[in-house]
Amino acid sequence: MTPKPFSISRRRFLKITSATAAASGLPVWFLEREAQAAQQPKRLSPNDRPGIALVGCGGMGRGDATNASRFGEIMAVCDVDQNHLEAVAKQFTKDGKTPAKFSDFRKVMERDDIHVIITATPDHWHTLVNLAAVQAGKDVYGEKPLTLTIDEGKRLVKAARKHNTIFQTGSQQRSDAKFRLACELVRNGRLGKLKEVTVWLPAGLREGPFKSAPAPENLNWDFWLGQTPKVDYLPQRCHVNFRFWYDYSGGTMTDWGAHHNDIALWALGVPAPQSVEAKALTQPIPGGYTAISEYDVQFTHANGVIQHVKSTTADTIGGGVIDPNGQRNGVRFEGSNGWIWVNRGNLTASDKSLLETPLPEGAQRPYKSDDHMANFFECVRSRKLPIADVEIGHRSATVCHLGVIGLRSGLKLSWDGQHEEFTGENAKSGNRYIEREMRKPYDYNFI
Ligand SMILES: NC(=O)c1ccc[n+]([C@@H]2O[C@H](COP(=O)([O-])OP(=O)(O)OC[C@H]3O[C@@H](n4cnc5c(N)ncnc54)[C@H](O)[C@@H]3O)[C@@H](O)[C@H]2O)c1
Numbered sequence: 448m449t450p451k452p453f454s455i456s457r458r459r460f461l462k463i464t465s466a467t468a469a470a471s472g473l474p475v476w477f478l479e480r481e482a483q484a485a486q487q488p489k490r491l492s493p494n495d496r497p498g499i500a501l502v503g504c505g506g507m508g509r510g511d512a513t514n515a516s517r518f519g520e521i522m523a524v525c526d527v528d529q530n531h532l533e534a535v536a537k538q539f540t541k542d543g544k545t546p547a548k549f550s551d552f553r554k555v556m557e558r559d560d561i562h563v564i565i566t567a568t569p570d571h572w573h574t575l576v577n578l579a580a581v582q583a584g585k586d587v588y589g590e591k592p593l594t595l596t597i598d599e600g601k602r603l604v605k606a607a608r609k610h611n612t613i614f615q616t617g618s619q620q621r622s623d624a625k626f627r628l629a630c631e632l633v634r635n636g637r638l639g640k641l642k643e644v645t646v647w648l649p650a651g652l653r654e655g656p657f658k659s660a661p662a663p664e665n666l667n668w669d670f671w672l673g674q675t676p677k678v679d680y681l682p683q684r685c686h687v688n689f690r691f692w693y694d695y696s697g698g699t700m701t702d703w704g705a706h707h708n709d710i711a712l713w714a715l716g717v718p719a720p721q722s723v724e725a726k727a728l729t730q731p732i733p734g735g736y737t738a739i740s741e742y743d744v745q746f747t748h749a750n751g752v753i754q755h756v757k758s759t760t761a762d763t764i765g766g767g768v769i770d771p772n773g774q775r776n777g778v779r780f781e782g783s784n785g786w787i788w789v790n791r792g793n794l795t796a797s798d799k800s801l802l803e804t805p806l807p808e809g810a811q812r813p814y815k816s817d818d819h820m821a822n823f824f825e826c827v828r829s830r831k832l833p834i835a836d837v838e839i840g841h842r843s844a845t846v847c848h849l850g851v852i853g854l855r856s857g858l859k860l861s862w863d864g865q866h867e868e869f870t871g872e873n874a875k876s877g878n879r880y881i882e883r884e885m886r887k888p889y890d891y892n893f894i
C-alpha cells in the first residue's frame, strides 16, 4: 500500500516575512539562515536522558538501539514489517512501558520527546529518513553506507550543516583502537613513503535465479521498495540480502567497503581518489543478485598512492572465516619501510618495531574515541563533531560508490573530488550514476 501524501510539520523552520526583512534592512534568506542557526536543538541537562527512536528494526537496528539504550530511552520504533516492529517494541518495553510503534517514519519526526533518530533501514531508505530527521531538528545515528548515491550524500551534508545536526555515521571501526593506531602510524610516516593500500572485502553472494512470491501480510512491500523500481516480492530482495542488489545497495563494495575504505581514507588523510578503474571477476547470474560479487578495483590518489579494493572468498559475507588459510578481510598499508595490516581481529606489521616504537612527542594524533555510540551521545550534549561525522560518512561512501560505478560502467573514470563529478573522456558515462530517478511518491517531496 502506497502511503498518502504527508508533510512533516517544520516547527523549527522560522519563516521570515518580507516586512520583517524590510524593517531590519537585511534580506529574507539571510535572516532565515541566522534564525535557524540560532535554533540549536534543545540542550540536554546532565541528568536528562534523550528520547531515541529507531527507524528500521532489523538486525543492526536492534543492535544499535540496545547500544544506544545505555544513554537514552527508546521512546519509539518504526518499521514497515509489522513482525519486526512488534518484536522490537517488546524488546524495549521497560517498566511496563512499550515504545510507541510507527510504520511511517515521517510521523516519528513530529514527536517532541524524541531527540535522536537511529536509522538502520536498508541503504535505499537512509537518505530520506535522515533528511526528514535533520529537517525536524533531531540528531542522527545513521547506519553505513551513508547513502545509495553520491548525490544523496551531497544533499545530506548540506542539510545537516544547515540544521546544526550532530550526525554520527555507523562506521564504528573509527572507534576501535587497532584501526586508530594503524591510521596514526601511517599518517605519521611510520612506513616511510606510502605506496599502496589494499582493502580486502568479503566477496558477495552470486546466486539465482529466484522465484517471486506473494509479499507476506505483515510487510508493506511498496513502502519497503520506496524510491526503487516497483518489482514483485522476492524474499532474497528483502531483509538482509538487499545488500546484493544494485537497486537497494552496492554489494560488498558498499557494505564492507563502507568500513574498510573509510579506514583507508582516514589513514591517507585525503578527501577522495582521483580515478577509478574496476574489473569484475564474476558476472551476476541472470534473475539472481545483481551486484558483482568478486572484483578487483584500483583507485589512484593525488599523492600517488594506489588503493586496491579486492574481494576475498575466504571470508563469509558477515566477515567470518571460510578458509582459515585464505585472505582475510582488512586493510594493508605498504610503504618503503614495510607494511601494516589491520582488521577487526588483528594489527600486525612486517616488523614488530613498526608497531612497538613509540611515536615522537608532537606526532599527529587522530580523533580519539573508544566507544562509537558513547562518542555520539557525548557530542549530542557538547554539540561538537562526532568521530564519523556526516561529511566523513559521505566521503567514505563516495569511494564505495565510485568503485561500484567503475564496475557498472566498465570504464576508467576520472573523479573531481572538489566538484564531486566525473571529468575527462568517460565523464558522461560516470556522471549518469551520481543520482538516480526516484519512484514517486518516494522522492524528495515525500518528506
Ligand atoms: N555498522 C555495521 O557494522 C553494520 C552491520 C550490519 C548492518 N549495517 C547497516 O544497517 C542497515 C540495516 O541492515 P540490516 O542487516 O539490519 O538489515 P535488515 O534487512 O535486517 O533490517 C532493515 C529493516 O528496515 C526495515 N525497513 C525497510 N524500509 C523501511 C522504512 N521505510 N521505514 C522503516 N523501516 C524500514 C525493514 O523492514 C527491516 O526490518 C544497512 O544499511 C546495513 O548496511 C551496519
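So the mapping is simple: the working numbering equals the position in the sequence shown, first residue as 1, plus 447.
Using N, Cα and C, we set each Cβ at its ideal position, and we do this for glycine too.
Everything numeric in this text was worked out from a predicted model, so none of it was measured.
Can you name the start and end residues of the alpha helix (DSSP H) that residue i belongs to?
i	result
residue 513	506-515
residue 700	699-702
residue 531	529-538
residue 719	Segment: none, residue 719 is in no alpha helix (DSSP H) and carries neither H nor E.
residue 738	Residue 738 -> no alpha helix (DSSP H), and no H or E assigned at all.
Determine the closest residue to residue i out of the options, with distance taken between C-alpha atoms.
i	options	result
residue 527	784, 555, 666	666
residue 764	479, 502, 690	690
residue 559	625, 893, 777, 523	523
residue 725	732, 848, 843, 536	848
residue 740	868, 748, 757	757
residue 576	673, 597, 746, 810	673
residue 893	552, 544, 547	552
residue 776	783, 759, 782	759
residue 502	519, 494, 762, 555	555
residue 819	807, 832, 809	832
residue 703	570, 564, 505, 747	570
I'd like to confirm something about residue i: is its beta-carbon nearer than 7 Å to some heavy atom of ligand 1, or not?
i	result
residue 567	yes
residue 768	no
residue 410	Absent from the model: residue 410. The displayed extent of the chain is 448 to 894, so no value can be given.
residue 524	no
residue 504	yes
residue 895	One cannot answer for residue 895 here, as it falls past the ends of the chain, which runs 448 to 894.
residue 702	yes
residue 639	no
residue 557	no
residue 682	no
residue 671	yes
residue 752	no
residue 748	no
residue 528	yes
residue 570	yes
residue 789	no
How would you write the range of the beta strand (DSSP E) that residue i sits in, first residue to last?
i	result
residue 668	Segment 668-672 is the alpha helix (DSSP H) holding residue 668; no beta strand (DSSP E) there.
residue 743	742-747
residue 500	498-502
residue 548	547-549
residue 757	753-759
residue 870	868-870
residue 895	As shown, the chain starts at 448 and ends at 894. That puts residue 895 outside it, with no answer to give.
- Return the chain-ordered ranges of every alpha helix (DSSP H) run that is complete within the stretch 551-595 and spans a minimum of 4 residues. As for any alpha helix (DSSP H) of minimum length 4 sitting wholly inside the stretch 551-595, the runs are 552-555, 570-582, ordered along the chain.
- Message: Going residue by residue through the stretch 609-678, where are the continuous alpha helix (DSSP H) segments of at least 4 residues, counting only ones entirely within it?
- Response: When DSSP assignments are scanned along the stretch 609-678, the uninterrupted stretches of alpha helix (DSSP H) that are 4 or more residues long and fall wholly within it turn out to be 624-634, 668-672.
- Message: As an exercise, report each continuous alpha helix (DSSP H) stretch of at least 4 residues that is fully enclosed by the stretch 775-849, in chain order.
- Response: Taking only runs of at least 4 residues, the alpha helix (DSSP H) segments lying wholly in the stretch 775-849 are 799-803, 819-829.
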